[in-house]
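As structure tokens, the structure follows; a few thoughts come after it.
Numbering (this note's numbering), first residue to last: 1106 to 1282.
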């Protein structure tokens, strides 16, 4: 039997997936890590399902990210451009995604000096625009209804980008050990 009465609030603590990590010097970071994990997995599911609903099935989350990155601003991108923007170290995964996108007719390859480039095709741009249309209708509209402060969301995004730099630095330190 519990010593608590029904009227007493119960302290649950931070919402984390690894209490042993949250018991350290910065439990709030464990909360962020868990939230980011949930967000990444939900975002990946969303991208794949939205792309399928827009008529382009069989794409992985990375394929979708690479396609939208190549479409960005309508300029050809190199493998190194894409990897830098997406903060991807394993270039072979992006190379595979690019081959898959080219085979599907969503991008074409070219050259800029010695470097291979990728450029969006009309079919690829159409797929991106249909994804955007669905995103506006079934994701953005309900998100706007939540009344979230868009400036606060931008600040959160900037904070997460800054924090990612600390994870990159810590990864380099761990690799050097």
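Beta carbons: idealized from backbone N, C-alpha and C, even for Gly.
Model, not experiment: these values are computed from the prediction.
Is the number of C-beta pairs between the segment 1193-1200 and the segment 1227-1235 that are closer than 8 Å three or more?
When C-beta atoms of the segment 1193-1200 are compared with those of the segment 1227-1235, fewer than three pairs fall below 8 Å, so the two segments do not count as touching.
Range of the contiguous beta strand (DSSP E) that encloses residue 1224:
Numbered from 1 along the chain shown, position 119 holds the residue referred to as residue 1224. That run of the beta strand (DSSP E) goes 1220-1225.
First and last residue of the uninterrupted alpha helix (DSSP H) at residue 1269:
Within the chain shown, the letter at position 164 stands for residue 1269. Per DSSP, residue 1269 belongs to the alpha helix (DSSP H) from 1255-1280.
Where do the N-terminal and C-terminal ends of the alpha helix (DSSP H) with residue 1196 fall, by residue?
Position 91 of the chain shown holds residue 1196. Following the DSSP letters along the chain, one finds residue 1196 inside the alpha helix (DSSP H) bounded by residues 1196-1208.
Quick check on DSSP: helix, strand or coil for residue 1150?
Walking along the chain shown from the start, residue 1150 turns up at place 45. Residue 1150: helix per DSSP, three-state reduction.
Tell me where the beta strand (DSSP E) around residue 1214 begins and ends.
Locating residue 1214 in the chain shown gives position 109, where the first residue counts as 1. Counting along the chain, the beta strand (DSSP E) containing residue 1214 begins and ends at 1212-1217.
Measure the CB-CB distance between residue 1219 and residue 1184 and report whether it falls below 8 Å.
The residue labelled residue 1219 in the question sits at position 114 within the chain shown. The residue labelled residue 1184 in the question sits at position 79 within the chain shown. It is not a contact, given that the beta carbons lie outside the stated cut-off.
Could you check whether residue 1229 and residue 1172 sit closer than 8 Å to each other, using their CB atoms as the reference points?
Here residue 1172 refers to the residue found at position 67 of the chain shown. Here residue 1229 refers to the residue found at position 124 of the chain shown. With respect to the 8 Å criterion, residue 1172 and residue 1229 are classified as neighbours on the basis of their beta carbons.
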